[in-house]
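As structure tokens, the structure follows; a few thoughts come after it.
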Amino acid sequence: MTEISPSRRATVKSILRGLRIETPSWAYGNSGTRFKVFAQAGVPRTPQEKIDDAAKVHELTGAAPSVALHIPWDKVDDWAGLAAHARDAGIELGAINPNVFQEDDYKLGSICNPDPGIRRKATDHLLECVEIAEQTGSKILSMWVADGTNYPGQDDIRARQDRLATALREVYDRMPEGMRLLLEYKFFEPAFYTMDVPDWGTSYAHCAQLGPAAQVLVDTGHHAPGTNIEFIVSFLLRAGMLGGFHFNSRFYADDDLIVGLADPFQLFRLMYEVNRGGGLAADSDLAFMLDQCHNIEPKIPAMIRSITNVQEATAKALLVDTDALRSAQEAGDVLGANEVLMDAYHTDVRPLVAELRTDMGLDPDPIAAYRRSGYQQRIEAERVGGNAMGWGA
Ligand code: LRH
Ligand code: MN
Ligand code: MN
Numbered sequence: 001m002t003e004i005s006p007s008r009r010a011t012v013k014s015i016l017r018g019l020r021i022e023t024p025s026w027a028y029g030n031s032g033t034r035f036k037v038f039a040q041a042g043v044p045r046t047p048q049e050k051i052d053d054a055a056k057v058h059e060l061t062g063a064a065p066s067v068a069l070h071i072p073w074d075k076v077d078d079w080a081g082l083a084a085h086a087r088d089a090g091i092e093l094g095a096i097n098p099n100v101f102q103e104d105d106y107k108l109g110s111i112c113n114p115d116p117g118i119r120r121k122a123t124d125h126l127l128e129c130v131e132i133a134e135q136t137g138s139k140i141l142s143m144w145v146a147d148g149t150n151y152p153g154q155d156d157i158r159a160r161q162d163r164l165a166t167a168l169r170e171v172y173d174r175m176p177e178g179m180r181l182l183l184e185y186k187f188f189e190p191a192f193y194t195m196d197v198p199d200w201g202t203s204y205a206h207c208a209q210l211g212p213a214a215q216v217l218v219d220t221g222h223h224a225p226g227t228n229i230e231f232i233v234s235f236l237l238r239a240g241m242l243g244g245f246h247f248n249s250r251f252y253a254d255d256d257l258i259v260g261l262a263d264p265f266q267l268f269r270l271m272y273e274v275n276r277g278g279g280l281a282a283d284s285d286l287a288f289m290l291d292q293c294h295n296i297e298p299k300i301p302a303m304i305r306s307i308t309n310v311q312e313a314t315a316k317a318l319l320v321d322t323d324a325l326r327s328a329q330e331a332g333d334v335l336g337a338n339e340v341l342m343d344a345y346h347t348d349v350r351p352l353v354a355e356l357r358t359d360m361g362l363d364p365d366p367i368a369a370y371r372r373s374g375y376q377q378r379i380e381a382e383r384v385g386g387n388a389m390g391w392g393a
């Protein structure tokens, strides 16, 4: 075990200070499984109230200054007004997530649908989301296409790729300067035979064809068991094609559990590759976003825990002695190299992260601070009839 030197401590703290983790509006609403949405007391009834909860998470952690929106789950008439509400609450509106997966019309797909009328409708929704992003000041259009087929022969796999490319081109060309399109992939669900964007390679190929403002979005829950996600992260960063993350944890599939709880070691390995690839540099625009559902646990503390988990994994990744690691690697010292990595992983960084919070004028224990704040009691009393406006609605 090595001690953390004062200078390394300072470096880690300064990089952590710059780490911004976006929380998703839909994680504050009621959610559940395919079998049951579980209602919790005090959940938001409006997009404004979701923003208020996200702002509370930021107030206590100092690390979650923006909230992602899902359209139409968060639809309002006055987007500039919603952005002003967020600003007043102390945060910003972040990525805009279109929704082309919850209407009967999309049974056979959205922008890959064999029916040109339905493709038009889906593409128009994506274009509307670009406009919303312009009005909210959001810089990211975060796209997930639920399209695919369930049975061999159901549709023309190749034609669906052509339709996908056509729609993406139209959306990309409509984006203003400074906006990025991040294309999320998922290897299964809701379709089970083919997904039209099943993997990072497909996303990469479409993004590369579109241009520099299109990049791949890695949702950590969207891989087959055993997939080496840090390899994907390393590869994409090297190619300049990693746009951001949807962090969450999984045991089996797209579980959407709290990041860093199912497999903290994986999160550490990811953050190590992120740092190795320059993703924590001051000029990096890599987007760290959470995409989670808190079905049975209280939502605001769950979100705070998610933020602290990412911070702790990042701190550990930053503690890797890169000189010692390189020497061991170059010497072919297999066990030595692994030991350098594990040494950082096994370091208890909680005191360091708590110290950073104190430096920032925050409570060193944000969950305890939340419990003391009375916020939960207040929202439970005020928000009667909170509904499921997010995933699982
Ligand atoms: C799909 C997904 C995608 C959606 C979100 C609610 O599984 O990860 O990002 O927009 O869940
Ligand atoms: Mn996602
Ligand atoms: Mn998902």
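The sequence shown runs contiguously to residue 393 in UniProt numbering.
Positions of the beta carbon are idealized from the N, C-alpha and C atoms, including for glycine.
Burial state of D74 is buried, judged by a 10 Å Cβ sphere holding 16 or more other Cβ atoms. Comparing alpha carbon positions, the residue from G260, T347, H58 closest to F251 is G260.
The straight-line gap separating the alpha-carbon atoms of V67 and Q376 is approximately 19 Å. Around D363, the same chain offers A369 as residues with beta carbons nearer than 6 Å, after the five sequence neighbours per side are excluded.
For V218, the uninterrupted beta strand (DSSP E) run begins and ends at 214-219, by DSSP. Here the alpha carbons of E184 and R120 stand approximately 21 Å from one another. Within the stretch 35-72, the runs of beta strand (DSSP E) at least 3 residues long that lie entirely inside it are, in chain order, 66-71. An exposed status is given to V384, since fewer than 16 other beta-carbon atoms sit within 10 Å of its beta-carbon. Within the same chain, and ignoring the five residues on either side of A80 in sequence, the residues whose Cβ sits closer than 7 Å to its Cβ are Q135.
For E330, the uninterrupted alpha helix (DSSP H) segment begins and ends at 322-330.
At least one heavy atom of ligand 2 is found less than 7 Å from the C-beta of W144. Under the three-state reduction of DSSP, R87 is assigned to helix. Contact between L182 and L237 fails: their C-beta atoms lie close to 14 Å from each other, not under 8 Å.
For D147, the shortest C-beta to heavy atom distance toward ligand 3 is 7 Å or greater. Assigned with DSSP and collapsed to three states, E22 falls in strand.
For F231, the uninterrupted alpha helix (DSSP H) run begins and ends at 229-238, by DSSP. Distance from the CA of A55 to the CA of P114, rounded to the nearest whole angstrom, comes to 42 Å. Distance from the CA of T308 to the CA of T61, rounded to the nearest whole angstrom, comes to 8 Å.
When C-alpha distances from G278 are compared across E297, M289, V233, F265, the shortest belongs to V233.
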